[in-house]
Ligand SMILES: [Cu+2]
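Numbering (the working numbering), first residue to last: 28 to 535.
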């Protein structure tokens, strides 16, 4: 009676610990994200409606109560306790003390094998049903995408067959041929025929898969070289955090560009002489201003900062005091000075490099052609259905990756290293809208985590007829076309403005 009481007490205590732990964990861990409800809605995976913000509903009292004991976590905790108990081999000690076997480990293991097999298969089939549609797609909007999709499907089907077969054999044999008292295991060391079979079949299958992959890869990578005749092209320029599209203007030639030419008014760094001259002037003025700051750093500038600090102190603006104090520290410990010197050096180098281009007659002539002046810069990409198009990629700052999921295309966008991708769109935006919904649109996304606003780095892609693309291009602006006509006025204004700003900066 005494032992029975003790055991009951122990079990009750264990249950209390388990429930407390489960309740605590379900409060701490939010598992609502594991729900698959949102996947059933049959929403398009990409487009304007993706990642729609769902405010959800306020928790009702019943819901709150239900979430107090989270059954998934409860089962997890129980399993953990079992594992720990097993690890500490509690049953062995009880067996030693009581003198009889309490748990038959062989039986436990054998049934666990079977349960694991069944639960595992249910899990895999569940995955296929709920997420399979995102993997086994056959709705590609590009020519090569059809091959790409079918390769993916064939690989998944073949590996699934092998997976189900081997897992079934592995766990079923563990269940069927578990240890039995008095029964000896069969020693079966080698079988040539079996070895041959399971070497030869995978070798053949893998060779076929790899060869087909190589063929498809070749057709994608050499699409441009293999095509005779004209290919449409668009330049896609990446920066933190967005994209810009550039098209050749009336002349049909895309002008030269260089990162050294990038300025506030020339974001893509096109080789437009007037713009580059303006940039040179700006850089020279900035150097003068920086040098002025260096001269006055420990006198007027430090005094000014001290006065600012005193003023902020007067009104007890602690936030402002803190930021001013940081600036004062930077002046005193020399950080500001080295920053300024570095900045001056950088600008001098940039001027030097630009002049090297301008002063070399040959390079100058090949760089500053009139081609860049009529180039069109757009906030959308329009491409013609059923024609090959080459996307030429350039990056302003860091590595991005241009991803066109509907066209099964992706290419790294690397600063200083132009990359490209050629493909043939086969489904117009209108057709894709009819297939999905009116909200649908193609997008080019950044697929390389490149900073805080990476998630929002995308540009709309429109597939339409060549005539529609041409009509759209007519509505787009060539920013340097208009400017060249009024350049002197704008240039003077801009220089005056820079001058004023610099004076203000220098005085600070
Ligand atoms: Cu990016």
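Every residue, glycine too, gets a C-beta built ideally from N, C-alpha and C.
Per the DSSP calculation, residue 269 is bridged to which residue(s)? Residue mapping note: residue 269 aligns to position 242 of the chain shown, counting from 1. Residue 269 is bridged by DSSP to 266.
Grab the span of the alpha helix (DSSP H) containing residue 307 for me, first residue to last. Here residue 307 refers to the residue found at position 280 when the chain shown is read from its first residue. 300–323 is the span of the alpha helix (DSSP H), which, as asked, contains residue 307.
Would you decide whether residue 165 is buried or exposed? Buried here means 16 or more other CB atoms lie within 10 Å of its CB. Numbered from 1 along the chain shown, position 138 holds the residue referred to as residue 165. Looking at its Cβ environment, which holds fewer than 16 other Cβ atoms inside 10 Å, residue 165 is exposed.
Taking the alpha-carbon positions, what's the residue 107 to residue 455 distance? Along the chain shown, read from residue 1 onward, the residue named residue 107 stands at position 80. Along the chain shown, read from residue 1 onward, the residue named residue 455 stands at position 428. Those two C-alpha atoms are separated by around 54 Å.
Given a cut-off of 7 Å on the beta-carbon distance, is the pair residue 484 and residue 264 in contact? Counted from its first residue, the chain shown places residue 484 at position 457. Counted from its first residue, the chain shown places residue 264 at position 237. For residue 484 and residue 264, no; Cβs fall outside 7 Å.
Would you say residue 384 and residue 390 are within 7 Å of each other, going by their C-beta atoms? As a working mapping, residue 384 is identified with position 357 in the chain shown. As a working mapping, residue 390 is identified with position 363 in the chain shown. Residue 384 is a Cβ neighbour of residue 390, given a cutoff of 7 Å.
Segments of 4+ residues assigned as alpha helix (DSSP H) that fall wholly inside the region 358–417: Entirely contained in the region 358–417, the alpha helix (DSSP H) runs reaching 4 residues are, in chain order, 362–386, 388–394.
Would you kindly work out how many angstroms separate the C-alpha atoms of residue 35 and residue 474, rounded to a whole number? Here residue 35 is taken as the residue at index 8 of the chain shown, counted from 1. Here residue 474 is taken as the residue at index 447 of the chain shown, counted from 1. CA-CA distance, residue 35 to residue 474, rounds to 58 Å.
For residue 463, does the count of other Cβ atoms within 10 angstroms reach 16, so buried, or fall short, so exposed? Translated into positions along the chain shown, residue 463 becomes position 436. So residue 463 counts as buried.
Look at the Cβ atom of residue 276, then the Cβ atom of residue 428, and state whether they are nearer than 7 Å. Here residue 276 refers to the residue found at position 249 when the chain shown is read from its first residue. Here residue 428 refers to the residue found at position 401 when the chain shown is read from its first residue. Not a contact, by the Cβ cut-off of 7 Å.
Distance, Cα to Cα, residue 212 vs residue 236? Residue 212 sits at position 185 when you count from the first residue of the chain shown. Residue 236 sits at position 209 when you count from the first residue of the chain shown. Looking at the two C-alpha atoms, the distance is approximately 39 Å.
Cβ-heavy atom distance between residue 409 and ligand 1 below 6 Å? What you label residue 409 is simply residue 382 of the chain shown in a count that begins at 1. Flag unset: Cβ of residue 409 not near ligand 1.
Could you give the DSSP three-state label for residue 258: helix, strand or coil? Position 231 of the chain shown holds residue 258. Three-state DSSP puts residue 258 in coil, outside helix and strand.
Label residue 192 either buried or exposed according to how many other C-beta atoms from any shown protein chain fall within 10 Å of its C-beta, with 16 as the threshold for buried. Locating residue 192 in the chain shown gives position 165, counting from the first residue. It counts as exposed.
Who does residue 436 pair with in a DSSP beta bridge? Start at 1 with the first residue of the chain shown, and residue 436 comes out as number 409. Residue pairing by DSSP places residue 436 opposite 431 in a beta bridge.
Out of 251, 371, 171, state which residue places its alpha-carbon closest to the alpha-carbon of residue 316. Your numbering for residue 316 matches position 289 in the chain shown. Comparing Cα positions, the closest option is 371.
For residue 496 and residue 289, the rounded distance between their alpha carbons: Residue numbering aside, residue 289 sits at position 262 when the chain shown is read from its first letter. Residue numbering aside, residue 496 sits at position 469 when the chain shown is read from its first letter. Each residue's alpha carbon lies about 28 Å from the other.
So is the beta-carbon of residue 444 under 6 Å away from any non-hydrogen atom of ligand 1? Working through the chain shown from its first residue, we reach residue 444 at position 417. Checking the Cβ of residue 444 against ligand 1 gives no.
Residue 501 versus 402, 331, 46, residue with shortest Cα-Cα distance: As a first step, residue 501 is located in the chain shown; it is residue number 474 there, counting from the start. Of the candidates 402, 331, 46, the residue whose Cα lies closest to the Cα of residue 501 is 402.
Considering only DSSP beta bridges, list what residue 486 is partnered with. Residue 486 sits at position 459 when you count from the first residue of the chain shown. Its beta-bridge partners are 471.
At a threshold of 6 Å, does residue 158 count as lining ligand 1 (C-beta to nearest heavy atom)? Residue numbering aside, residue 158 sits at position 131 when the chain shown is read from its first letter. No - ligand 1 has no heavy atom lying nearer than 6 Å to the Cβ of residue 158.
Just to check, is the beta-carbon of residue 484 closer than 6 Å to a non-hydrogen atom of ligand 1? On the chain shown, position 457 is the one that residue 484 refers to. Checking every heavy atom of ligand 1 against the Cβ of residue 484, one is found closer than 6 Å.
Rounded to whole angstroms, what's the CA-CA distance from residue 339 to residue 325? Just pull it up for me. The sequence position of residue 339 within the chain shown is 312, counting from 1. The sequence position of residue 325 within the chain shown is 298, counting from 1. One Cα belongs to residue 339, the other to residue 325, and the distance between them is close to 20 Å.
Compare the beta carbon distance of residue 395 and residue 300 with 7 Å and say whether it is the shorter of the two. Indexing the chain shown from 1 puts residue 395 at position 368. Indexing the chain shown from 1 puts residue 300 at position 273. Between residue 395 and residue 300, the CB-CB gap stays under 7 Å.
Does ligand 1 have even one heavy atom less than 6 Å from the beta-carbon of residue 545? What the structure shows of the chain is the stretch from 28 to 535, and residue 545 is not part of that stretch, so it cannot be assessed.
Between residue 333 and residue 353, what straight-line distance do the alpha-carbon atoms span, to the nearest angstrom? Numbered from its first residue, the chain shown carries residue 333 at position 306. Numbered from its first residue, the chain shown carries residue 353 at position 326. If you draw a straight line from the Cα of residue 333 to the Cα of residue 353, it comes to about 11 Å.
Pick helix, strand or coil for residue 453, following the three-state DSSP scheme. Here residue 453 corresponds to residue number 426 of the chain shown, with the count starting at 1. Note: residue 453 maps to coil in three-state DSSP.
Check whether the region 139–146 and the region 195–207 are in contact - that is, three or more C-beta pairs closer than 8 Å. Yes, the region 139–146 touches the region 195–207.
Quick check on DSSP: helix, strand or coil for residue 297? Mapped onto the chain shown, residue 297 falls at position 270. DSSP, read as helix, strand or coil, puts residue 297 in strand.
Using only the alpha-carbon positions, how far apart do residue 297 and residue 423 sit? Within the chain shown, residue 297 is the residue found at index 270, counting from 1. Within the chain shown, residue 423 is the residue found at index 396, counting from 1. One C-alpha to the other measures close to 12 Å.
With H, G and I counted as helix, E and B as strand and the rest as coil, what does DSSP make of residue 342? One-based indexing of the chain shown puts residue 342 at position 315. Here DSSP, grouped into helix, strand and coil, assigns residue 342 to coil.
Would you mind sorting residue 538 into buried or exposed? The rule is 16 or more other CB atoms within 10 Å of its CB. Given that the chain is displayed from residue 28 to residue 535, the structure contains no residue 538 and the question cannot be resolved.
Can you give me the Cβ contacts of residue 253 inside the same chain, cut-off strictly under 8 Å, excluding the 5 residues immediately before and after it? Locating residue 253 in the chain shown gives position 226, counting from the first residue. These residues qualify, in order along the chain: 246.
Am I right that residue 470 and residue 490 are in contact with their C-beta atoms under 8 Å? What's the rounded C-beta distance? The count along the chain shown starts at 1 and reaches residue 470 at position 443. The count along the chain shown starts at 1 and reaches residue 490 at position 463. So it is not a contact: roughly 12 Å between Cβ atoms.
Rounded C-beta distance between residue 373 and residue 170? I'm assuming under 8 Å. Stepping through the chain shown from its first residue, residue 373 is reached at position 346. Stepping through the chain shown from its first residue, residue 170 is reached at position 143. At roughly 46 Å, the Cβ-Cβ gap does not stay under 8 Å, so residue 373 and residue 170 are not in contact.
So which of 449, 176, 31 has the shortest CA-CA distance to residue 437? For the purposes of this step, residue 437 is identified with residue 410 of the chain shown, where counting begins at 1. That would be 449, whose Cα lies nearest to the Cα of residue 437.
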